[in-house]
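For the sequence shown, the working numbering assigns the number 1 to the initial residue and increments by one for each residue that follows.
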Amino acid sequence: MNKPHTLQRFHSGFTLIELMITVAILAITMSIAAPGFRELLTAQRMRSVAYDMTSSLVLARSEAVKRGLNVNIEPNASGWQAGWTVRVPSTADIVTSRNAAGNGVVFTTSPGTVTFDLNGRLSSASTVVRFEITDGATRSRCISLDPSGRPKSVVTACPS
Numbered sequence: 001m002n003k004p005h006t007l008q009r010f011h012s013g014f015t016l017i018e019l020m021i022t023v024a025i026l027a028i029t030m031s032i033a034a035p036g037f038r039e040l041l042t043a044q045r046m047r048s049v050a051y052d053m054t055s056s057l058v059l060a061r062s063e064a065v066k067r068g069l070n071v072n073i074e075p076n077a078s079g080w081q082a083g084w085t086v087r088v089p090s091t092a093d094i095v096t097s098r099n100a101a102g103n104g105v106v107f108t109t110s111p112g113t114v115t116f117d118l119n120g121r122l123s124s125a126s127t128v129v130r131f132e133i134t135d136g137a138t139r140s141r142c143i144s145l146d147p148s149g150r151p152k153s154v155v156t157a158c159p160s
């Protein structure tokens, strides 16, 4: 006997319900991960600004010794938050320039222009210069220069 031929279809792919469940699980996972990721980005931005500032201070100090001239590191017109420039005031040479610190990073304490003399020492030899970089809430980094001109960066707030 002949059986009637039945057409069988094999479906592949996702149904609408499966897709909606997958999207819902993804949305829940992302909402849990997003705040932690934001904190990670802010911490990385702070670390990067601290390293940039420290390397600029080291560069200014070594340029002062190399050239035998005073070298300044000074904030841009809007303050350290907007960036800084390393320059030789007697020749008007700009050694390097850094851009703005970025969102979420704040310079809470910072001096005006820092000058290194021809020996690599701070020109105001009696004081310790400090830069405090914060995320505006809980994290802080302190970069300090002793009178010898050597920078030191620590992951704490600057002492008062």
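Ideal Cβ placement from N, Cα and C applies to all residues, glycine included.
Around the beta-carbon of ASN119, fewer than 16 other beta-carbon atoms lie within 10 Å, marking it exposed. Here ILE73 is near SER56, since their CB atoms are less than 8 Å apart. Sorting ILE94, LEU122, SER48 and ALA27 by C-alpha distance to the C-alpha of GLY149 places LEU122 at the top. Taking 8 Å as the cut-off, the Cβ atoms of VAL95 and VAL49 do not count as close.
ARG61 carries a helical assignment under DSSP once its states are collapsed to helix, strand and coil.
Positions of the beta strand (DSSP E) runs, each at least 3 residues long and wholly inside the region 86 to 157, are given as 93 to 98, 106 to 109, 114 to 116, 129 to 134, 140 to 145 and 151 to 154 in order along the chain. In the structure shown, the three-state DSSP call for PRO75 is strand. Within a 10 Å sphere around the beta-carbon of ALA60 sit 16 or more other beta-carbons, which makes this residue buried.
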